[in-house]
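Working notes, beginning with the structure itself.
Chains as they are written, first to last, in this note's numbering: chain A, 7 to 551; chain B, 292 to 1343.
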C-alpha cells in the first residue's frame, strides 16, 4: 500500500513533466518581425520604401559631396592639422595607408546598403496585397528603381565599373564581378526610364506637401540627363545602348515644360547661411527650384558635411563653428566676376568681410582665407532667427538639394548644344541662370551658348553641390592628361596662415599634383577590406596598387 | 540623493533590529535549563568530519556535525551518553559528565575519508570522482572577509582566472575556467542550489561550499550551458539540533594602494612647450603655449587625482544567521547588509549597498517523502563613476587633465568651476564628475526553489525541483544644463530612467537508482530539465524640465520634449533536455562514468536545434591494488583518472539564426511627416548550430604521509564551431550599422594546460597548520577563424587609435598586434644608417626618412625598407599563462592567523593613460625620463605634438605594452576566539574578533595603478557583446582598494 502511494505520487509528477508541449523551444521575437512574414500591406511596403530613402541620411566624414569637392579644384582638404590628413588623400588621389586603404569603405557600404534595401523592396513587394492600389504599386516600384539607379550611378562615378545588382545576394551566392560600363549604365537608364514613367508626376505647386521628398518623374528625367552626360563624357561614347543625347535632351525639356519647377528669384535665398549673411529671406527647404533633395531632419541623420565645413573653433555670427574642412581655394574666389552675387553667397572671405578666423595655433590645416557658405551651419546666436536648433555637431538639418532646377537648365543648355539645336533654347536656359546670378542685370548674359561657357557657369553655380569634380572628369572625354592642368595646385602665397615648418605634417601644405589622377582615370581607391572579402573577384582600381 | 538617505535609514533600522534580536537570543540562551555540550568531530589527521551523527543514546535528540566538524547538543544530564557515528568510521560513545566541550577523534574503519563533493544533479564521494573538480568550503571562503564570493575564490581554485572588472564597489568579475574558449562569453554556468543564477547576488557568509566542474566530463551533464565550466554553489542548510545563532560583522577602511604620479603644473607647461618646440622649432616665444614668465609663476597646480581620492573609504558588513532543526525539520535563515564606498569618489558617486535575506527549510513529511525550499532576496543599489573603455571613463579624464586648471574659478563663468586658459575645449574633470555620473542602479532579485524527494523503493529515488529567479532592475540618471568648456556642455536638462523585469524558471526531475551487486556498485540517474524566461524592459528619456525635480511622463504623444521611449518584452530562451548518467565502481577500486545529455534550445533554428553532449570518464584507485602494498607506509591513496567529454555553447542573443526586420534609424521625412522605415537588420543562417567544447583530462589525486594531498591534472580543451559574425562584403548589403553580419559557425581555439594542488594539514599539539598551494598553466591558441583573422576594434585607446588586438590563427586569443621597437635614434647618423638596400635595383634608402633624433626606431620586420602595417606582429598576450595561489592558515589555542597569496604571470597589459588625440593632455611623470639629447633615454622618445612624422606613439608598439605579472598578498588575517578564555563558561560557542588586511601588498613590474585589469568584453545596452576579444587594456582602470578591517564572528 505504501509503495503504491509512492508510485502514485511519482506518476503524477512524471505526467506533469511530460505534459510539456512539443513546440516548447519554438520561439519568435515578440517585438520584431521576420523577413518572411513582414511584407503584407501597402503600408508595410511604404515602410520598406522609406528604409531605402533612409540610406541617404547616412552621413559620415566621407560623403560623396565632401570627397568630390576636395578632389576637385574647388576645395582643399582642410580640417585639423592632427586629423591624420584623411581628407587630403582625396586631394592627392593617393593610396590611403593610414586608414588601411579603407577611407572609401563608408561610401561603398552605404551605397550598396541602399541598393540592398531597394532590391529587398523589389523582391518583397510581390508579397504585398495591392488589390485596388496598382498605381501606387507602380509608383513605389518606380521610386525603388530610381534609388537603385541613383546609388549605382554614384558608386560608378567614384569607383568605375562596379557590379550591378538586381536582387539581394544570398549569403552563399558567388561574388559577382564588375559589370562592364555599357551594361551597367544601360541598367541604370532602364531603371530611371521606368521611374520617369510611373513616379509621381504632378507639377510643382500641384504636388501634395505630404509627397515632398519622394522621387518624382521630374527627378528621374533630370537624373537620366545627368547619367547620360557623365557616361558620354567620361567614356567618350555617343549613346548608352541606344539612349542618346536626344533622349537626354528630351528628358530635360520635359522637366522644363511640364514640371512647374522654376528658379527662385534670389540665389542666396536657397541656403540658410548665405541667406542669413545677406539678410535675405530663406526660401525654405521646399521651394520651386528643388527638383529632388535629401531630407535631413533635426536630431537624426547627422549631416556631417555641415558640421565639417564650418570654421574651426570659430563662431562669428551668422557663421557657426565646425571642423574647418573643405577650405576654399583662392582660385575659385578669383574665378567669379566681382558683380556675380553668387560669390558672396557661396564663399566666406574672412578678410573681405572683416571677420577674424580664430583657429587655435597649429590646429587648422590648409587654411586659405576662404570658407564655404553653402551648407555651412548657423551660429548659436542666429538660430532663433533662422530654423534649426541644438548642438552644432548633431543637429544640422538643412536639406541637401541633389537636383536643383538651375542644374536642370544648365544640363539642358549643354544637351541642346550637343544635339545641334544651339539656337535660342540653349541660350535661354543658360542665361536664365546667368541673369539671376547678377541680380537680374542682363548685361552679363552670354551672347552664345558654348560648351565652354556652360561648363564655366556650372562651376560657378554648383560649388559644393557634388558636381564640379564629375564635370571635370567628363570634360576629359577619356583623355585624363587634361586633369593635370585643372587639378594641380601649388601656391604657398595663398596660404599665409598655415604652418610652414618643415616638421609639420605634409598634409598641411596646399600642394596638389594633378598628375596623380591621370593613371587612375580620376577614380578613387576601392576599400581594401572589401576587396579582401570579395576574394580577388574584383581587383583594385589602376594606380592604387 | 534623497532616496539614498531613505535607504540608509532603513538599513540602520535593520542593523539595530539585528542587534536587538541578537541580544535577546543571548538573554534567552543564558537562562536555558538544559546544558549545551559543544565539540568537534575530527579524524585521525585532525581534519574535521562534517555530517557525523551526534545523538544522545536511546533518544532521537541530536544532529549532525557541521562543515567544520562542530556540533552542539542539548544534554539533559551528566549521566547521558553521547553517541558519535559516521560512515566509514568506528562509532564512539562518550559519557557527558560535566563537560561542556568535547573533542572527539573518530578512528577510520578501513576506508579513507569519504569527503562528499557536489556533482551535476547529485553528490559523490571525492574518492570516487573521475572528473576534474575543485571544492572550496566555507572555511576558506570566510577567511577572506570579502563582500564577493569571486574574490574569495581567487588563488584557491587552480585553473580558474578570476579578474575583478574594476575596483569600484559592486563591480562584477570576469571568470574563466581553463582559458578563453568562446567569443560568446566564457562565464561559467552558476547554479545556486541547482537554480541557474548569478554570483553577484550572494553574500559569501551564506555559502556552505562551492564546487567547480572544470573538465568536460563533469560539466557535460549540463550540456548546452556547461561549455565554460560549471560553478555549483551550495547554500548553508539547516542542521538538526539546538538552534545556532551567528552574528558576523566587520568594519573596514579602504585606500588607494598605489598612486600614479602625474606632472604638476610647472612640469606640464615645460613639457608642452618642449613638445611644441620639438615639433615646430621655429616657433617664436610669443607663439609658445606658455611664456617663460608664466612658467615661473606656476607651482604644483591642481592635484586632480588627490581631489577624487576618498581617503579611508568605509565598508561595513553585518550578517545574522539562525540555523537549527530536529530530525523532521531543519531551517537556516539569515539577514545581511553590506555597504562599501569607493576609494575614488566625488560627491558620493561611487557607492554600493547590498541587503540580503536567505531562508531555507527541509521537512521529512513522510518516511519516504522529503520536501523543502530555498528562498533568497537580494537588494543591491549602486552608483558608479564611468570606467572601463575610454568613453566617459572618469579616471582617464582625471589622468589626462590639465593641472593648471584651478578646481574653482575666480569668475562666475562655467558655473564657478575653473576653466582652461590654454584651450577652451579642455575640460575641468571634476566639474565633469559634478554634472555627470548621476546614475543610480537598483537591483532586486528573488531566487528560490521548492523540491520534493520520494524514496520509491530501496535504492530508487525521485527528486523534482522547481525553481526560478525573478529580477528587477531600475536605473535613473539625470544631467542638468551646464557648460564647463567649449566642448563639454549640456544645453537641455536630460532625464533617463529604465526598468527591467526578468523571470526565469528551471524545472528538474531526476530519478536515481543505486544498487550493489557484491562488490559492484551501480548508480543510474536519468532526468529532464526545462527552462524558460520572460523579460520586460522599458526606458525613457525626457529633455527639458524644471532642473531640480524629476520630470513626470504624462501624455507622451503631446509632449515633444520626450525624445525616447523604448521597450522590449518577450518570451524566449526556452530549453528542454533529457540527460542520464551511469556510475559504476568495483570495490571502489575501478570506477567509470558515462553521461549523455540531449538539449533542445530556442536559440537555434529547427535545422540544428538539438544538441547531444556525451562524456566518459574512468578512475583507478591504484593504492588499493595489492602490488602497491609496499608503498602503503607512505602512500595513503592514489587514484588515476581520465575523462573525455563534450559541451555546448549557445549564441548570447536569441534569434541569431533568423533574418528579422527592424525599424530603428530607418525613418525618412516626407512632407512634414517622419515616416517609419523597415528593412532587414541581419542575414539569416538557419543552419547555425551549437558551439562545441571538447575536453580531455588526465589527472590523479593522492594522499601521502598522512598529512599531504596532491592533485594533478593535464587537459586539452578544444573549442570548435564558434558562433561568430562573419564579415561579408558590402555588396551583400550588410553595411554593419543597422544591418549586421550573419552569424556563422567558424572559429576554433585550443587551451592546453596543467594544474597542481598541494595541501598539507597537521596538528602539532595546540598548533594547527594548514597550507594549500595551487598552480595552473594554460596556453591558448586560436586554430581557425573565418578568413583566418578577426580584426579588433579601432579607437580603443583614443579616438582614431589603430587596431591593437586581433584574433588570428596560430596566436593567442586577442593578442596585442603592433610594431616592435628597437630603442631611440640618438643622432642623425643613426637615422642615416638605418637603411634598406633593394636587392633588385641595388638602391639604398632610409627606412625611417621622417625620423629625427629622439624618435622611436621601429623594426622593419618584413624587410621591405619601409615601416607599415606589414611590420606589425605579436607584441603581447593579455592572457595569463600562470595562475597560482598560496594559503597558509594556522591556529594556536584561541588564536588564528592566515595569509592568502595570489598571482598571475605571463600576461601583458597595454597602458594608455593619455589621450593622444588631445595633444594638451597631461602625462605621467614617466615622461620626465624622455629623450632630450644623445644618451638620455633609449626607451621614451622625445616629446612631440600630434601629427609628428615618425608617429612615435601613434604607431601602436611595444612601448605601450608592459609585463602584467604580479604576486599579491591578497589577505592577512589575525583572529582570537574569546570563548577560549574569558567567555569559557558562557553559552557562547564562538566569539572571535579579528583584524584583517585585504590587498596588503602587490609585487609587480607594472607601473600603473593596479595590474588586475578587468577591461574586456562587455554587453552594450542592446545586449550585444562589445570588444569580445579584448582584455588587458588599462585606460585608467579603477584600482582595487587596500582595506584594513576589524570584525567579529559570534556563535551561540
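Even glycine gets a Cβ: it sits at the ideal position worked out from N, Cα and C. Keep in mind that this is a model prediction, so the values were computed, not measured.
Give me, in chain order, the residues of the same chain whose beta-carbon lies closer than 7 angstroms to that of residue i; leave out the 5 immediate sequence neighbours on both sides.
i: residue 1252 (chain B); result: 1107, 1166, 1167, 1199, 1201
i: residue 252 (chain A); result: 425
i: residue 1 (chain A); result: In the structure as shown, chain A starts at 7 and stops at 551, and residue 1 (chain A) therefore has no counterpart that could be examined.
i: residue 457 (chain A); result: 420, 423
i: residue 948 (chain B); result: 895, 896, 975, 976, 977, 979
Excluding sequence positions up to five away, which residues of its chain have a Cβ less than 8 angstroms from the Cβ of residue i?
i: residue 386 (chain A); result: 321, 326, 398
i: residue 228 (chain A); result: 257, 258, 261, 297, 298, 409, 413, 414, 417
i: residue 358 (chain B); result: 339, 341, 428, 429, 430, 499, 500
i: residue 243 (chain A); result: 188, 237
i: residue 824 (chain B); result: 793, 794, 795, 796, 862, 863, 864, 865
Hey, does residue i have any beta-carbon neighbour from chain A nearer than 8 angstroms?
i: residue 1247 (chain B); result: no
i: residue 244 (chain B); result: Residue 244 (chain B) cannot be examined here, being either before or after the span of chain B that is shown, 292 to 1343.
i: residue 1326 (chain B); result: no
i: residue 789 (chain B); result: no
i: residue 1058 (chain B); result: no
i: residue 744 (chain B); result: no
i: residue 963 (chain B); result: yes
Just how far apart, CA to CA, sit residue i and residue j?
i: residue 1271 (chain B); j: residue 1261 (chain B); result: 28 angstroms
i: residue 1148 (chain B); j: residue 332 (chain A); result: 35 angstroms
i: residue 303 (chain A); j: residue 470 (chain A); result: 20 angstroms
i: residue 500 (chain A); j: residue 72 (chain A); result: Legend: pLDDT at residue 500 (chain A) = 46, less than 50; position of this residue unreliable, value from coordinates given subsequently. Between residue 500 (chain A) and residue 72 (chain A), the C-alpha separation is close to 22 angstroms.
i: residue 278 (chain B); j: residue 1096 (chain B); result: Any property of residue 278 (chain B) remains undetermined from this structure, which presents chain B solely from 292 to 1343.
i: residue 382 (chain B); j: residue 617 (chain B); result: 21 angstroms
i: residue 1041 (chain B); j: residue 470 (chain B); result: 9 angstroms
i: residue 1241 (chain B); j: residue 1120 (chain B); result: 16 angstroms
Using C-beta distances below 6 angstroms, list every residue in its chain close to residue i, excluding the 5 sequence neighbours before and after it, in chain order.
i: residue 443 (chain B); result: 432, 435, 437, 495
i: residue 1173 (chain B); result: 1068, 1196, 1197
i: residue 883 (chain B); result: 875, 909
Does the beta carbon of residue i come closer than 8 angstroms to any beta carbon on chain B?
i: residue 4 (chain A); result: Because chain A is modelled from 7 through 551, residue 4 (chain A) falls outside the range shown and cannot be assessed.
i: residue 548 (chain A); result: no
i: residue 258 (chain A); result: no
i: residue 328 (chain A); result: no
Using a threshold of 7 angstroms, is the CB atom of residue i nearer than that to any non-hydrogen atom of the ligand ADP?
i: residue 165 (chain A); result: Although the ligand ADP was asked about, the structure shown includes no ligands whatsoever.
Can you pull out the residues from the stretch 922–953 of chain B whose beta carbon lies closer than 9 angstroms to at least one beta carbon of chain A? Legend: CB atoms of the stretch 922–953 of chain B lying less than 9 angstroms from CB atoms of chain A belong to residues 945, 946, 949, 950, 951, 952, 953.
Just to confirm the assignment: which complete alpha helix (DSSP H) runs, minimum length 4, are found wholly within the stretch 264–345 of chain A? Note on the stretch 264–345 of chain A: whole alpha helix (DSSP H) runs with a minimum of 4 residues are 278–283, 310–315, 336–341, in chain order.
What residues in the stretch 966–988 of chain B have a beta carbon less than 9 angstroms from any beta carbon of chain A? Flagged, chain order: 966, 967, 968, 969, 970, 971, 972, 974, 975, 976.
Chain B contacts made by the stretch 48–68 of chain A, where a contact means CB separation under 9 angstroms: If you check each beta-carbon in the stretch 48–68 of chain A against every beta-carbon of chain B, the ones closer than 9 angstroms belong to 50, 52, 53, 54, 55, 56, 57, 58, 59, 60, 61, 62, 63, 64.
Along the stretch 653–670 of chain B, what residues have a CB closer than 8 angstroms to any CB found in chain A? Identification of residues in the stretch 653–670 of chain B having a C-beta nearer than 8 angstroms to some C-beta of chain A yields 659, 660, given in sequence order.
Give the residues from the stretch 884–899 of chain B that approach chain A closer than 7 angstroms (Cβ to any Cβ), ordered along the chain. Here the close residues are 891, 892, 893.
Minimum length 3: unbroken beta strand (DSSP E) runs contained in the stretch 771–827 of chain B: Runs of beta strand (DSSP E) with 3 or more residues, each lying fully within the stretch 771–827 of chain B, are found at 785–808, listed in chain order.
Mind pulling the alpha helix (DSSP H) runs of 4 or more residues that sit fully within the stretch 574–640 of chain B? Complete alpha helix (DSSP H) runs here, min 4: 583–588, 595–599.
If contact means a Cβ-Cβ distance below 9 angstroms, which residues of the stretch 1008–1029 of chain B contact chain A? For the stretch 1008–1029 of chain B, which is checked against every Cβ of chain A, the residues closer than 9 angstroms are 1017, 1018, 1019, 1020, 1021, 1022, 1023, 1024, 1025, 1026, 1027, 1028, 1029.
Using a Cβ cut-off of 8 angstroms, which residues of the stretch 720–748 of chain B contact any Cβ in chain A, in chain order? Under the 8 angstroms Cβ criterion, the stretch 720–748 of chain B contributes 743, 745, 746, 747, 748.
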